[in-house]
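Notes follow once the structure below has been shown.
In my numbering, the protein residues as written are 2 to 703.
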């Protein structure tokens, strides 16, 4: 067996075929690698691997056409039929030879993530799972090519038939969609020969064992059929041949049936067993928070997906499958809009897009429009929409909590004093917790409404009236909760300050300048405060939060009835610039108040049960600041609001943050791009092709 493999492997490099295969495969790969990964800076090599999957339609027929057809044409196949080595071992050796040639190309490709790692953050796990998928797909194509080569003595016919076979497998997804977008028995049967489905799963960042099993079983099946094809020729025309033919056909049918059973068994296993999420952001995983909520469901929730099961979003379908596996009370039903175009009108009169989801429990329902599942932004270089986040879990978990909980709490945001308003991810956090958000104008209302679960005051820029301040004080004296932020203003804030003074807090006029370079980002006023561990800060305690243009809080005096919990603070080197408008630099001057200062603090009144969460940077609760720390500011905000909800209600106020869809683009110097591109796209393939031609010409002359 080893001698056969060695002979076949050497034959590839004693002719032009092996060299040309490597040259073409690497040239196409590195061409797309140059465009996607080097020029555009994408850190994912799966883009390049997916782009060159079509190349096997041409290269594999050329690589495998002679492997058995040539033996049959030259009548040397008689040696195989009479060899002391079993036919199975001969077929395996002949398969391993082109597989080894292909594996050399894959080994070179496997170096590319290491190269990209010099220029930024690379998702290595995703990259090598994608390479695994590419390798398995290529080996399966080679096994098919060897089988076809065993059927004929003509190399040309073998190449043409292999191309047709691989083309059908490559196009099978489109063929089945053309036959029936909703799927039927015929499309399910044809789908068994969808060669690219496993490649798509593995290049999407999921180590899907069903895809691995599919490719492995297809390789074994076609190698087995190859062995049976050779075995059949051992028998001459006789009654014995007829008996052997029946036996051979029955064996082949049994092999096909066994392959189907193996794949059906693998597909029937839960995704928690068969899929390993290798994405850097856990795109295909469900968080522990969601698992706790779903596993404790006592009511049945129906999730209607407005798409056919075969044409729906695959990533969304994978997420829904995990929800279904977590609880028998979760039911997922696909409703094809082409069949039931008005189905959604039972639950909403607003138009919804395809792939939207409707969560229903008894008489309550909530629509998750497909446009909300993915977070996008505009790329101003191409003026196109770019996906930056995946929020299926966040939306689904929120919707399920909403339809199973009839009691909706309300948060009021004070207006009328130049306050900022919640927007973007911060407003979305309120919505995900299924809290109502209403504006409150204290000039109009006689008091804070009794249904106010928490009061939000976001950085007023003009002072409260004495009456407005008293309304807030009365609300807190009755055990109210308040989330308060401050921001620098030149106006007197006497009445607003009095609300904090009642709880022993003093706002120091001016802005904090941080002198410790480990506690700011780029600018000494862009604070990265020290985080003290507490239930409020637990989710961000091992990361940074970003607090630009913060003021400094100090505690006026100790009070036995009030407890203070430090959340965020500056270093001792920090100081306050009081005259911000006339600042000429960040240097500390005589008279500047020295830190440390509180940037965030939790205050609890043990007598009235009032609770205040005070942060001295209003800008930290904006999307712009939140993006600097990958959503940690939004996580702190959600945790702060959750801490003010009564304990009996807070258990359901889970906010699953948006999962980042991609890593940051790589930054590569233009000279490096050009040099790497020239070497990989032109120099290396040309050198391989030249080596092959040179060896072929020398052997021909000899």
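Note that beta-carbon positions come from the ideal geometry of N, C-alpha and C, so glycine has one too. The model shown is predicted, which means the values in this text are computed figures rather than measured ones.
Residue i - partner residues in DSSP beta bridges
i           : result
residue 674 : Paired residues: none, contrary to the question.
residue 458 : 485
residue 531 : 570
residue 512 : 578
residue 378 : 387
residue 549 : 527
residue 451 : The partner list for residue 451 (beta bridge, DSSP) is empty, contrary to what the question assumes.
residue 365 : 362
residue 507 : 555
residue 371 : Per DSSP, none; premise fails for residue 371.
residue 616 : 486, 601
Rounded straight-line distance, which links the Cα of residue j to that of residue i
i           : j           : result
residue 249 : residue 259 : 15 Å
residue 704 : residue 118 : Outside the shown range of the chain, which is 2 to 703, sits residue 704, and nothing can be said about it.
residue 159 : residue 105 : 24 Å
residue 242 : residue 71  : In this prediction, residue 242 has a pLDDT of 49, which is less than 50 and means its spatial position is unreliable; what the coordinates show is noted afterwards. For residue 242 and residue 71, the distance between alpha carbons rounds to 25 Å.
residue 699 : residue 13  : 15 Å
residue 217 : residue 115 : 28 Å
residue 1   : residue 56  : Residue 1 is absent from the structure shown; the chain starts at 2 and stops at 703.
residue 8   : residue 91  : 12 Å
residue 28  : residue 682 : 5 Å
residue 339 : residue 388 : 27 Å
residue 179 : residue 631 : 42 Å
residue 422 : residue 213 : 50 Å
residue 591 : residue 550 : 21 Å
residue 251 : residue 170 : 25 Å
residue 618 : residue 379 : 28 Å
residue 1   : residue 22  : Absent from the model: residue 1. The displayed extent of the chain is 2 to 703, so no value can be given.
residue 520 : residue 638 : 20 Å
residue 450 : residue 324 : 38 Å
residue 227 : residue 377 : 50 Å
residue 645 : residue 612 : 7 Å
residue 477 : residue 427 : 23 Å
residue 263 : residue 431 : 47 Å
residue 460 : residue 41  : 41 Å
residue 151 : residue 97  : 15 Å
residue 53  : residue 344 : 41 Å
residue 155 : residue 271 : 46 Å
residue 564 : residue 558 : 11 Å
residue 111 : residue 181 : 38 Å
residue 391 : residue 188 : 30 Å
residue 330 : residue 366 : 16 Å
residue 334 : residue 202 : 22 Å
Where residue i sits in the DSSP three-state scheme
i           : result
residue 662 : coil
residue 389 : strand
residue 651 : Below a pLDDT of 50, predicted positions are generally treated as unreliable, and residue 651, at 48, falls in that range; no measurement from the model is reported.
residue 345 : helix
residue 524 : strand
residue 206 : coil
residue 28  : helix
residue 446 : coil
residue 544 : coil
residue 332 : strand
residue 491 : coil
residue 304 : strand
residue 285 : coil
residue 66  : coil
residue 686 : helix
residue 538 : coil
residue 500 : helix
At 3 residues or longer, what runs of the beta strand (DSSP E) sit wholly inside the segment 555-614? 563-570, 576-578, 599-606
Between the segment 532-542 and the segment 576-592, can you find at least three pairs of beta-carbon atoms closer than 8 Å? no
The segment 657-670 / the segment 440-457 touching (three or more Cβ pairs under 8 Å): no
Can you list, in chain order, the stretches of the beta strand (DSSP E) that have 3 or more residues and sit fully within the segment 253-282? 276-278
For the segment 30-56, which segments carrying the alpha helix (DSSP H) assignment without a break, of at least 4 residues, lie completely within its bounds, in sequence order? For the segment 30-56, the full-length alpha helix (DSSP H) segments reaching 4 residues or more read 47-52 along the chain.
Between the segment 298-305 and the segment 407-421, are three or more C-beta pairs nearer than 8 Å? no
Validate contact between the segment 342-361 and the segment 627-640 using beta carbons, cut 8 Å, 3 pairs: no
Validate contact between the segment 506-516 and the segment 592-610 using beta carbons, cut 8 Å, 3 pairs: yes
Just list the alpha helix (DSSP H) runs in the segment 119-169, keeping only unbroken ones of 4 residues or longer that don't cross its boundaries, in chain order. 125-150
Report yes or no: do three or more beta-carbon pairs, one from the segment 225-234 and one from the segment 160-169, lie closer than 8 Å? Segments in contact, no.
At least three beta-carbon pairs within less than 8 Å, the segment 396-403 to the segment 454-468: no
Minimum length 4: unbroken alpha helix (DSSP H) runs contained in the segment 95-122: 113-117
Which ranges would you report for the beta strand (DSSP E) in the segment 386-440 if only whole runs of at least 3 residues count? 411-416
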